[in-house]
Amino acid sequence: MDNEITDVPAADGAEAPARKRAPRRATKKSADAPVEVVTHDAPAAESATDSGDAPSDGEVPAGRRTRGRGRGRAAAGAAVDAETSDNADSSESDDSQADNGRSRQRNRKRGRGRDDDFDGVSDDDVLIPVAGILDILDNYAFVRTAGYLASPADIYVALGQVKKYNLRKGDAIVGAIRQPRDNDFQNRQKYNALATIDFVNGAAPEEAVVRDDFNDLVAVHASEGLGLNGRFGSVKKGDRVLIDAAAGASRTAVIRDLAAEISASATDAHLMVVVSEGLPEDVTALGRGVRGEVSASSYDRHADEHVTVADLAIARAKRLVEKGHHVVVLIDSMTRVSKNQLAVIQGSRPLGDGAVDAAVFSAAKRLFGAGRALETGGSLTVIATIDNQTDGFPGAVRDELLDIATVVVTL
1 MDNEITDVPA ADGAEAPARK RAPRRATKKS ADAPVEVVTH DAPAAESATD
51 SGDAPSDGEV PAGRRTRGRG RGRAAAGAAV DAETSDNADS SESDDSQADN
101 GRSRQRNRKR GRGRDDDFDG VSDDDVLIPV AGILDILDNY AFVRTAGYLA
151 SPADIYVALG QVKKYNLRKG DAIVGAIRQP RDNDFQNRQK YNALATIDFV
201 NGAAPEEAVV RDDFNDLVAV HASEGLGLNG RFGSVKKGDR VLIDAAAGAS
251 RTAVIRDLAA EISASATDAH LMVVVSEGLP EDVTALGRGV RGEVSASSYD
301 RHADEHVTVA DLAIARAKRL VEKGHHVVVL IDSMTRVSKN QLAVIQGSRP
351 LGDGAVDAAV FSAAKRLFGA GRALETGGSL TVIATIDNQT DGFPGAVRDE
401 LLDIATVVVT L
């Protein structure tokens with residue numbers, strides 16, 4: 001914000017000596033000093049304009065003789081005016097430097113005021129590298145730098161950058177932020193803004209502008225096996241697999257063992273494990289025992305955080321499949337994910353509202369139904385556990401997902 005310059009009038013009745021010279025303000029500024037403008041009006045300027053004993057050029061004070069002393073006062077007034085002019089030039093020089101500094105600050109922060117704009121990078125900027133997964137919300141976007149959940153270290157992304165590079169939710173972003181300057185801290189935003197984008201999903205950002213969209217790719221029947229044994233031996237790349245089992249330690253152990261087997265047998269597949277409302281110790285065990293990506297939200301998290309983890313994990317998997325990769329996502333469990341989707345969508349509406357139920361089922365199908373094999377190569381295999389209840393809300397979710405599953409394994 002520009003500094004506001006306020007004139008301070010002289011006190012009523014104050015008389016300024018005619019021969020008093022106004023002090024000059026220093027105009028030399030260090031190039032490295034932060035832009036800080038503190039403006040004071042010169043005493044001589046106040047005397048020339050506010051004092052009744054300091055007439056302006058050509059003005060004759062009322063009730064006074066114009067000879068002798070009047071001419072002396074006129075000469076003194078001219079000297080004061082000359083000094084005031086010098087001070088005005090000095091002040092104008094300072095204000096010009098200040099305006100340049102303020103303009104630079106405004107240009108740096110233009111992206112904060114308008115979501116479609118983003119800042120450029122100047123030669124004297126110091127850049128700090130950052131990386132994470134892009135999460136696009138309704139009116140803003142962030143690079144999540146600490147997993148899939150929001151954190152204070154997240155990086156703000158202007159919508160102008162999103163549009164310029166055709167960025168999508170789940171993109172892996174590598175870029176840089178500016179190192180804050182000393183004079184930036186007083187106007188520091190909550191999140192650092194992304195200044196440059198160097199890579200999108202491991203490629204130049206320009207390549208992301210024109211790329212395939214997962215939803216537009218042609219799905220085909222899965223035909224290539226994952227190479228698993230036992231009850232999961234029939235699972236192929238691109239299948240949608242439901243593990244119908246009661247919740248408990250045994251189901252968690254099955255997920256852990258299955259993840260280890262996929263890591264060993266399907267070495268060309270990218271493995272992702274999503275745990276919703278998991279126990280902290282189970283999350284730790286999965287993270288240490290699985291050679292893959294583990295995204296977990298423990299039971300003490302809010303409902304919207306559980307939904308965010310699942311949504312962003314599937315979005316990330318889609319971005320990889322668009323590039324021709326094979327991805328396997330294990331979800332434990334779709335029942336808990338759907339329950340949290342219900343809590344987020346329902347709000348204050350009563351359970352059983354038809355619109356709410358339809359929205360929850362649609363969200364659950366969108367996650368689980370993302371599994372498919374693609375004609376152009378690449379596949380997304382979704383293997384999800386579900387409670388084996390047949391009544392109530394869990395039973396309704398189970399019935400909806402059974403309709404679109406290609407493989408069902410009952411434990």
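Numbering (full-length UniProt numbering), first residue to last: 1 to 411.
Even for Gly, the Cβ is constructed at its ideal location relative to N, Cα and C.
Quick caveat, the model's predicted, so the values are computed rather than measured.
Legend entry - N-terminal and C-terminal residue of the beta strand (DSSP E) that I128 is part of: In the sequence shown, the residue the question calls residue 128 occupies position 128. Per DSSP, I128 belongs to the beta strand (DSSP E) from 127-136.
Inset, instruction - Spell out the partners DSSP gives R178 in its beta bridges. - result: Along the sequence shown, read from residue 1 onward, the residue named residue 178 stands at position 178. R178 is bridged by DSSP to L127.
Inset, instruction - Determine the closest residue to P180 out of A264, Q346, D124, with distance taken between C-alpha atoms. - result: Against the sequence shown, residue 180 aligns to sequence position 180. Closest by C-alpha distance to P180, out of A264, Q346, D124, is D124.
Inset, instruction - Grab me the residues of I314's own chain with a C-beta within less than 6 Å of its C-beta, minus the 5 sequence neighbours each way, in chain order. - result: Residue mapping note: residue 314 aligns to position 314 of the sequence shown, counting from 1. The beta carbon of I314 is closer than 6 Å to those of L367, A370 in its chain, skipping five residues each way along the sequence.
Legend entry - Residue range of the alpha helix (DSSP H) that includes T335: Taking the first residue of the sequence shown as position 1, residue 335 is located at position 335. For T335, the enclosing alpha helix (DSSP H) has its first and last residue at 334-346.
Legend entry - As assigned by DSSP and simplified to three states, the class of R301: If you number the sequence shown from 1, residue 301 lands on position 301. Coil, per DSSP.
Inset, instruction - Output the distance between the C-alpha atoms of F361 and D387, rounded to the nearest integer angstrom. - result: The residue you call residue 361 lines up with position 361 of the sequence shown. The residue you call residue 387 lines up with position 387 of the sequence shown. Between F361 and D387, the C-alpha separation is close to 15 Å.
Inset, instruction - State the start and end residues of the unbroken beta strand (DSSP E) segment that holds F232. - result: The residue you call residue 232 lines up with position 232 of the sequence shown. That residue, F232, is in no beta strand (DSSP E); it is neither H nor E in DSSP.
Inset, instruction - Decide if the region 337-348 is in contact with the region 254-268; the criterion is three or more beta carbon pairs, one per stretch, under 8 Å apart. - result: Fewer than three beta-carbon pairs drawn from the region 337-348 and the region 254-268 are found closer than 8 Å, and the two stretches are therefore not classed as touching.
Legend entry - the region 193-203 touching the region 154-173, judged by at least three CB pairs closer than 8 Å: Of all C-beta pairs linking the region 193-203 to the region 154-173, three or more are shorter than 8 Å, placing the two stretches in contact.
Inset, instruction - Measure the C-alpha to C-alpha separation of L242 and V309 and round it to an integer number of angstroms. - result: Here residue 242 refers to the residue found at position 242 when the sequence shown is read from its first residue. Here residue 309 refers to the residue found at position 309 when the sequence shown is read from its first residue. L242 and V309 have their alpha carbons spaced roughly 19 Å apart.
Legend entry - According to DSSP, residues forming a beta bridge with H326: On the sequence shown, position 326 is the one that residue 326 refers to. Note: H326 is bridge-paired with A269, S379 in the DSSP secondary-structure output.
Legend entry - Closest residue to V407 among A359, I173, S234, Q389 (Cα-Cα distance): Here residue 407 refers to the residue found at position 407 when the sequence shown is read from its first residue. Nearest option by C-alpha distance: S234.
Legend entry - Under the three-state DSSP convention, the category D154 falls into: What you label residue 154 is simply residue 154 of the sequence shown in a count that begins at 1. Note: D154 maps to coil in three-state DSSP.
Inset, instruction - Look up E224 in the DSSP assignment and say whether it is helix, strand or coil. - result: By one-based count along the sequence shown, residue 224 stands at place 224. It is coil, neither helix nor strand.
Inset, instruction - Please determine, among V382, A396, F199, R398, the residue with the shortest C-alpha to C-alpha distance to A222. - result: Counting from one through the sequence shown, the residue named residue 222 turns up at place 222. When only C-alpha atoms are compared, the closest one is V382.
Inset, instruction - May I ask you to report which of helix, strand or coil DSSP gives L312? - result: The sequence position of residue 312 within the sequence shown is 312, counting from 1. For L312, the secondary structure class from DSSP, reduced to helix, strand or coil, is helix.
Legend entry - Close beta carbons around V290, own chain, < 8 Å, minus the five adjacent residues each side: Sequence index remark: in the sequence shown, residue 290 carries index 290 (1-based). The residues are R256, A259, A260, S263, L271, V273.
Legend entry - Rounded straight-line distance, which links the Cα of T335 to that of V200: In the sequence shown, residue 200 corresponds to position 200, counting from 1. In the sequence shown, residue 335 corresponds to position 335, counting from 1. Using only the alpha carbons, I get a separation of about 33 Å.
Legend entry - Local conformation of A359 per DSSP, three classes: Looking up residue 359 in the sequence shown gives position 359. In the structure shown, A359 sits in a helix (DSSP, three-state: H, G or I).
Legend entry - Spatial neighbours of A359 in its chain, beta-carbon cut-off 6 Å, leaving aside the 5 residues before and after: Taking the sequence shown and counting its residues from 1, the one referred to as residue 359 is at position 359. The beta carbon of A359 sits closer than 6 Å to the beta carbons of I345 from its chain, once the five residues preceding and following it are set aside; these are given in chain order.
Legend entry - Within 8 Å, strictly: CB atoms of K163 and I136: Within the sequence shown, numbered from 1, the residue matching residue 163 stands at position 163. Within the sequence shown, numbered from 1, the residue matching residue 136 stands at position 136. No, the pair does not count as a contact, with Cβ atoms beyond the cut-off.
Inset, instruction - Give the DSSP-derived three-state secondary structure of R372 in the structure shown. - result: Counting from one through the sequence shown, the residue named residue 372 turns up at place 372. In the structure shown, R372 falls within a strand segment according to DSSP collapsed to helix, strand and coil.
Inset, instruction - Would you mind stating whether D282 and T252 have Cβ atoms separated by less than 8 Å? - result: The residue labelled residue 282 in the question sits at position 282 within the sequence shown. The residue labelled residue 252 in the question sits at position 252 within the sequence shown. Yes, they are a contact pair.
Legend entry - Selected residue, minimal CA-CA separation from R178, among D216, V126, A150: Start at 1 with the first residue of the sequence shown, and residue 178 comes out as number 178. Of the candidates D216, V126, A150, the one whose C-alpha sits nearest the C-alpha of R178 is V126.
Inset, instruction - Compute the Euclidean distance between the alpha carbons of D244 and S250, then round it to the nearest angstrom. - result: Taking the sequence shown and counting its residues from 1, one reaches residue 244 at position 244. Taking the sequence shown and counting its residues from 1, one reaches residue 250 at position 250. In this structure, the CA atom of D244 is about 12 Å from the CA atom of S250.
Inset, instruction - Reducing DSSP to helix, strand and coil, say where L149 ends up. - result: For the purposes of this step, residue 149 is taken as the residue at position 149 of the sequence shown. Three-state result, L149: coil.
Inset, instruction - Measure from the alpha carbon of V130 to the alpha carbon of each residue in D138, R144, G238, G230, then state which is nearest. - result: As a working note, residue 130 is residue 130 in the sequence shown. The option with the nearest alpha carbon to V130 is R144.
Legend entry - Own chain residues within Cβ distance below 8 Å of D212, not counting five before or after: Within the sequence shown, the letter at position 212 stands for residue 212. The answer, listed in chain order, is E322, T376.
Legend entry - Cβ-based burial, G392 [other Cβ within 10 Å; buried from 16]: The residue labelled residue 392 in the question sits at position 392 within the sequence shown. So G392 ends up on the exposed side.
Inset, instruction - Measure the alpha-carbon distance for I128 versus S122 and round it to whole angstroms. - result: In the sequence shown, the residue the question calls residue 128 occupies position 128. In the sequence shown, the residue the question calls residue 122 occupies position 122. Distance from the CA atom of I128 to the CA atom of S122, rounded to whole angstroms, is 14 Å.
Inset, instruction - Within the same chain, show all residues whose beta-carbon is closer than 8 Å to that of D403, passing over the 5 residues directly before and after it, in chain order. - result: Against the sequence shown, residue 403 aligns to sequence position 403. Spatial neighbours of D403 in its own chain (CB-CB distance under 8 Å, excluding positions within 5 residues in sequence) are not present.
Inset, instruction - Determine the burial state of S379: buried for a count of at least 16 other Cβ atoms within 10 Å of its Cβ, exposed for fewer. - result: Indexing the sequence shown from 1 puts residue 379 at position 379. Answer is buried; the Cβ neighbour count reaches 16.
Inset, instruction - Decide if I306 is buried, meaning its Cβ has at least 16 other Cβ atoms within 10 Å, or exposed. - result: Counted from its first residue, the sequence shown places residue 306 at position 306. Before going further, note that residue 306 is His rather than Ile in the sequence given. It is buried - the Cβ of H306 has at least 16 other Cβ atoms within 10 Å.
Inset, instruction - State the start and end residues of the unbroken beta strand (DSSP E) segment that holds A141. - result: By one-based count along the sequence shown, residue 141 stands at place 141. Taken as a continuous stretch (DSSP letters only), the beta strand (DSSP E) holding A141 covers 141-144.
Inset, instruction - Tell me whether G324 is buried or exposed, calling it buried when 16 or more other Cβ atoms sit within 10 Å of its Cβ. - result: Translated into the one-based positions of the sequence shown, residue 324 becomes position 324. Taking every protein chain shown into account, the CB of G324 has fewer than 16 other CB atoms within 10 angstroms, so this residue is exposed.
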